[in-house]
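Trainee:
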Amino acid sequence: MDSLTKIEDLGKPRVVIVGGGFAGLELARELRHAPVQVVLIDRQNYHAFQPLLYQVATAGLAADSIVSPFRKILDGQENFFFRMAEVQSVDTEQHLLETSIGMLRYDYLVLATGATSNFFGDAQMQKHAITLKSVADAIELRNTVLANFEQALQLGDMEQLNSLLDFVIVGGGPTGVEIAGALSELRTHVFPRDYREIDFKEMDIHLIQSGPDLLKGMSKEASQKSLEYLQQFGVQVWLNRRVKSYDGYTVTLNTGEKLITRTLIWAAGVTGSPISGLRPESLLPSNRYQVDEYNQVAGYDNIFAIGDIAAMLSEAYPDGHPMVAQPALQQGKLLAQNLTEHLAGRPRQPFRYDDKGGMATIGRNHAVADVKLFGREYHLGGLLAWIAWSIVHVLSLVSFRNRLAVFLNWSWSYFSYDKGLRSIIGGSRISQPLEQPHDDKAIT
């Protein structure tokens, strides 16, 4: 027995995986027949399907539709053990992981800790903005949106009213684009029925992108179509703008323009989530671990990093692979194969990213997709892309229960034009409106 963590010692090499996102979970599953003991450490006891967090945040799905407990997913995998804990540091000399429940010995350590929101050192922004990196974030955002309208019913002052009805989304990547589209659908089909006293012509949705294009990393065709769709849905898109400051009420852009909102959603960037104990030179300025083509952390023989936390630098990817699901899944799968081969004394295979393209949905019957098949790239838009996006996301969920729940919810919403999950359960960012000096330059 391991006296501090109470994990049975199987007498096999122990692979400890930190983080149960796409990369960590894929690795654990692929090691099911390997001659190793697999120990997964995560601060939550479930895997969350992050690409659909925005659906929870905008009342399209219940949280339990996109989460599944690790013990359920890996039920029956005899070499698998799970512990819910916070990882605090690693002792690379003694091969020990310090966690909130004690020390854990490892033979091979795999860091799959993912990424977190990057506020670029802006403490005020971090304090007031709402992020969307976890299920808790999604529920808080949903509660905040709904609580805004409940409070707006009590207001007569137009500036205060607009501060609650208007939303600012920072970041024009898939998360920002999809949230903007989902909010516009709520504004058109749902909120006017719930809040008949409110004139929803006063509800503005602003999407701010620092560069000239939306969906950076996707094709020019996808970027242009997404812009057209958002504008068609009434979203105000601000290109080549950066948010200079936000105090919880006034958004100031680098151009001097101002927006008034009580709800700013931050989707502008991410940074790696490293753990302490590894030598500083292994960590890049992006807070991602530098790894070789076998996902081995620079300077270590038995420590690996996969997914968003790993930066495998190459001519094709000078900053590392995109921080999305596909590289994470592929790295997790290959590392499982390579660990098995290594233990058998056989050569390992280097990682080669198979880029299958990208997708983003803007709203009902509107999506964009770059699909790479047989050496060619196809650019889809509109209904066909929306159907492809829906199918891919349903099939990518980790359990049949999740797939069925999401399919049924989406089918009901599509035919009824309704999103039924509009209960305020838990906390929100809403507070009593404060008296603010009127600013003639503020756009409300």
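Residue 272 in UniProt numbering is what sits at position 272 of the sequence shown, and the numbering runs on without skipping anything.
Yeah, the Cβ is synthetic: ideal placement off N, Cα and C, and Gly gets one too.
Short check: CB of residue 448 to CB of proline 51, under 8 Å?
Mentor: Residue 448 is absent from the model: the chain starts at 1 and stops at 444.
Trainee: Does the distance from the C-beta atom of lysine 244 to that of threonine 250 stay below 8 Å?
Mentor: no
Trainee: Are the CB atoms of valine 145 and leucine 339 within a distance shorter than 8 Å?
Mentor: no
Trainee: For the beta strand (DSSP E) that contains methionine 125, what are its first and last residues?
Mentor: Counting along the chain, methionine 125 falls outside any beta strand (DSSP E), though it belongs to the alpha helix (DSSP H) covering 123–128.
Trainee: Following the continuous alpha helix (DSSP H) through glutamine 160, name the residue where it begins and the one where it ends.
Mentor: Its alpha helix (DSSP H) spans residues 158–165.
Trainee: In whole angstroms, what is the alpha-carbon distance linking glutamate 140 and serine 423?
Mentor: For glutamate 140 and serine 423, the distance between alpha carbons rounds to 12 Å.
Trainee: Quick one, are the C-beta atoms of alanine 311 and asparagine 295 less than 8 Å apart?
Mentor: no
Trainee: Leaving out five residues before and five after valine 235 in sequence, what residues of the same chain have Cβ atoms less than 6 Å from its Cβ?
Mentor: Ala180, Ser184, Ile205 and Leu207
Trainee: Would you call the CB atoms of leucine 253 and valine 237 closer than 8 Å?
Mentor: no
Trainee: Using three-state DSSP, classify tyrosine 300 as helix, strand or coil.
Mentor: coil
Trainee: Is histidine 393 helix, strand or coil when you go by DSSP?
Mentor: helix
Trainee: Taking only the alpha-carbon atoms, compute the straight-line gap between phenylalanine 374 and alanine 385 and give it to the nearest angstrom.
Mentor: Distance between the alpha carbons of phenylalanine 374 and alanine 385: 19 Å.
Trainee: By Cβ distance below 6 Å, which residues in the same chain neighbour leucine 25 in space, the five residues on each side in sequence not counted?
Mentor: His47
Trainee: Taking only the alpha-carbon atoms, compute the straight-line gap between lysine 127 and glutamate 221 and give it to the nearest angstrom.
Mentor: 36 Å
Trainee: Quick one: grab the DSSP three-state call for lysine 333.
Mentor: helix
Trainee: Give me the Cβ distance between arginine 288 and glycine 320, rounded to the nearest whole Å; I'm assuming they're in contact under 8 Å.
Mentor: 6 Å
Trainee: Quick check on the DSSP output: what are the complete beta strand (DSSP E) runs of length 3 or more inside the segment 206–239, in order along the chain?
Mentor: 236–238
Trainee: Across the segment 293–308 and the segment 15–32, are there enough close Cβ pairs to call them in contact, namely three or more that are closer than 8 Å?
Mentor: yes
Trainee: Return the first residue and the last residue of the alpha helix (DSSP H) that aspartate 204 is part of.
Mentor: Taken as a continuous stretch (DSSP letters only), aspartate 204 belongs to no alpha helix (DSSP H), as it is neither H nor E.
Trainee: Got a sec? Which residues, its chain only, sit under 6 Å from arginine 403 by beta carbon, not counting five neighbours each side?
Mentor: Val394 and Leu397
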